[in-house]
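First the structure, in the form of C-alpha cells, and then the observations on it.
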C-alpha cells in the first residue's frame with residue numbers, strides 16, 4: 032500500500048513505522064512464546080503471536096492522540112506483511128483481499144479482547160480464545176504468556192513515542 036497523494040504532499044511516509052513493525056515481528060517470533068508459552072509454532076500460531084504483540088503496541092499508541100498516524104502506518108505495515116505472506120503461501124489475487132479482511136477483523140477483535148483483559152487485570156481468557164483459539168494450554172504456559180504480555184504492555188507505557196517509533200521495545 033502506498034501513502035496517498037495527500038499524505039505525500041505533507042511529507043507523510045509509512046517508512047516511519049518500519050523500525051517499530053520490525054521490532055514487533057522480532058518480539059512475536061521470540062522462542063519463549065513457543066516453548067514456555069506453548070503457542071503453536073505454526074503459520075496460525077505465529078500470526079496470532081505477532082498480532083498479540085502488535086495489539087499491545089497499538090493499545091499503547093492509542094493513549095497518545097499524536098501517535099494516531101504512527102498507529103495507522105503500523106497497521107498498514109501489518110497488512111502489507113500479511114498480504115506478502117499469503118501470496119508466498121500461494122493464495123491467489125482473487126482471494127487475498129478476503130483473507131486480509133478476515134485478518135484485520137481478527138486483529139480488531141483481539142484489540143478489544145486484550146484491552147478488556149488488561150482493564151480487568153487478567154488476559155488469560157482473551158488469550159485462550161484468541162491466541163490459543165479455544166484450546167487452552169497448560170496453566171504454566173498460559174501464565175507465562177499472560178505475564179509477559181501484561182509486562183510488555185505496562186513497560187510500553189513508559190517508552191516515549193520517539194523511542195517507539197525507532198523500534199525500541201522494552
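In the numbering used here, the protein residues as written are 32 to 201. A virtual CB, placed ideally from N, CA and C, is assigned to each residue, including glycine.
So what does DSSP say about residue i, is it helix, strand or coil?
{"i": "residue 146", "result": "helix"}
{"i": "residue 111", "result": "helix"}
{"i": "residue 97", "result": "helix"}
{"i": "residue 195", "result": "helix"}
{"i": "residue 58", "result": "helix"}
{"i": "residue 66", "result": "coil"}
{"i": "residue 49", "result": "helix"}
{"i": "residue 156", "result": "helix"}
{"i": "residue 170", "result": "helix"}
{"i": "residue 178", "result": "helix"}
{"i": "residue 183", "result": "helix"}
{"i": "residue 190", "result": "coil"}
Looking only at its own chain, which residues have a Cβ that is under 6 Å from the Cβ of residue i, when we skip the five neighbours before and after it?
{"i": "residue 159", "result": "167"}
{"i": "residue 40", "result": "Unreliable positioning characterises residue 40 in this predicted model, as indicated by a pLDDT of 46, which lies under 50. The coordinate reading is nonetheless provided below. There are no such residues."}
{"i": "residue 80", "result": "59, 64, 70"}
Taking all protein chains shown into account, do 16 or more other C-beta atoms lie within 10 angstroms of the C-beta of residue i, making it buried, or fewer, making it exposed?
{"i": "residue 85", "result": "buried"}
{"i": "residue 66", "result": "exposed"}
{"i": "residue 196", "result": "buried"}
{"i": "residue 83", "result": "buried"}
Which same chain residues end up closer than 8 Å to residue i when comparing Cβ atoms and leaving out the 5 residues on each side of it in sequence?
{"i": "residue 105", "result": "48, 51, 52, 55, 85, 88, 89, 92"}
{"i": "residue 157", "result": "141, 144, 145, 147, 148"}
{"i": "residue 164", "result": "75, 79"}
{"i": "residue 97", "result": "192"}
{"i": "residue 112", "result": "52, 56"}
Could you give the distance in angstroms between the alpha-carbon of residue i and the alpha-carbon of residue j?
{"i": "residue 109", "j": "residue 162", "result": "17 Å"}
{"i": "residue 68", "j": "residue 188", "result": "23 Å"}
{"i": "residue 61", "j": "residue 179", "result": "12 Å"}
{"i": "residue 172", "j": "residue 155", "result": "10 Å"}
{"i": "residue 57", "j": "residue 169", "result": "25 Å"}
{"i": "residue 175", "j": "residue 184", "result": "14 Å"}
{"i": "residue 151", "j": "residue 139", "result": "18 Å"}
{"i": "residue 181", "j": "residue 46", "result": "28 Å"}
Shorter than 7 Å, the distance from the beta carbon of residue i to the closest heavy atom of the ligand SAH, or not?
{"i": "residue 150", "result": "The ligand SAH is absent from the structure shown, which contains no ligands of any kind."}
By Cβ distance, which residues of its chain are closer than 7 Å to residue i, with the 5 residues on each side in sequence left out?
{"i": "residue 186", "result": "201"}
Inset, instruction - Determine contact between the segment 94-102 and the segment 66-79, defined as no fewer than three beta-carbon pairs at a distance below 8 Å. - result: no
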